[in-house]
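In terms of the numbering used here, the sequence shown has 643 at position 148, counting the first letter as 1, and numbering is strictly consecutive. Yeah, the Cβ is synthetic: ideal placement off N, Cα and C, and Gly gets one too. This one's a predicted model, so the numbers in the text were calculated from it and none came from an experiment.
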Amino acid sequence: MINGLFQVLAGFLGTISFAILFEVPRRYYVHCGVIGACGWFIYLLIMHFWVAPIAATFIASLVLIYLSREASFALKAPVTIFLICGIFCLVPGMGIYNFTYNFFIGDSIKAAQIGVQVLKIAIAIAVGITVGYELSPKFFYSYHKMQKNKNSFS
Numbered sequence: 496m497i498n499g500l501f502q503v504l505a506g507f508l509g510t511i512s513f514a515i516l517f518e519v520p521r522r523y524y525v526h527c528g529v530i531g532a533c534g535w536f537i538y539l540l541i542m543h544f545w546v547a548p549i550a551a552t553f554i555a556s557l558v559l560i561y562l563s564r565e566a567s568f569a570l571k572a573p574v575t576i577f578l579i580c581g582i583f584c585l586v587p588g589m590g591i592y593n594f595t596y597n598f599f600i601g602d603s604i605k606a607a608q609i610g611v612q613v614l615k616i617a618i619a620i621a622v623g624i625t626v627g628y629e630l631s632p633k634f635f636y637s638y639h640k641m642q643k644n645k646n647s648f649s
């Protein structure tokens, strides 16, 4: 439990760090951090109950695109600001490193196994983002429209 909280906090801080490197405007740092931390939390939650990294990555990507589109609408900013920073936690960096390491030391079988796993995770991220982008904008912005309509009747 404590380990998971530290990981989510690290996801939040790591995403903000990436936002700084990516030169995101300061006013979006916290939003990017929250989106990245939520994506990582969903990934950890799924991995805790159902050890399936590909499915966990896919579902976390769907959550990230949803949150990114909501933030984009609410803050009147491009979706890519939030999505690129938020996806940072899901990118299989350690897997890519291990693949490269094993490839160059000559352990082709282990490199191939790791490479296939990394490729599956990368495809899960891409498919999750694609599915999320293909959903109708009405699906994402309905909450904000409800709030706007609620306030107009007051």
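Quick one: is A607 buried, meaning 16 or more other Cβ sit within 10 Å of its Cβ, or exposed? Looking up residue 607 in the sequence shown gives position 112. It counts as exposed.
Alpha carbon to alpha carbon, how far is R521 from F513? Give it in angstroms, no decimals. What you label residue 513 is simply residue 18 of the sequence shown in a count that begins at 1. What you label residue 521 is simply residue 26 of the sequence shown in a count that begins at 1. Cα to Cα, the separation comes out at about 12 Å.
Under DSSP, the alpha helix (DSSP H) around F501 begins and ends at which residues? Translated into positions along the sequence shown, residue 501 becomes position 6. Segment I497 to L516, the alpha helix (DSSP H) holding F501.
Taking only runs of the alpha helix (DSSP H) that begin and end inside the segment 562 to 607, which ones reach a length of at least 4 residues, in chain order? 574 to 581 and 588 to 600
With 16 as the cutoff for other CB atoms within 10 Å, does Y538 come out buried or exposed? For the purposes of this step, residue 538 is identified with residue 43 of the sequence shown, where counting begins at 1. Y538 is buried by the Cβ-count criterion.
Let's test the definition: count the other Cβ atoms within 10 Å of the Cβ of S603 and tell me whether it reaches 16, buried, or not, exposed. As a first step, residue 603 is located in the sequence shown; it is residue number 108 there, counting from the start. That one is exposed.
Does the beta-carbon of W545 have 16 or more other beta-carbons within 10 angstroms, so that it is buried, or is it exposed? The residue given as residue 545 occupies position 50 in the sequence shown. Burial call: exposed.
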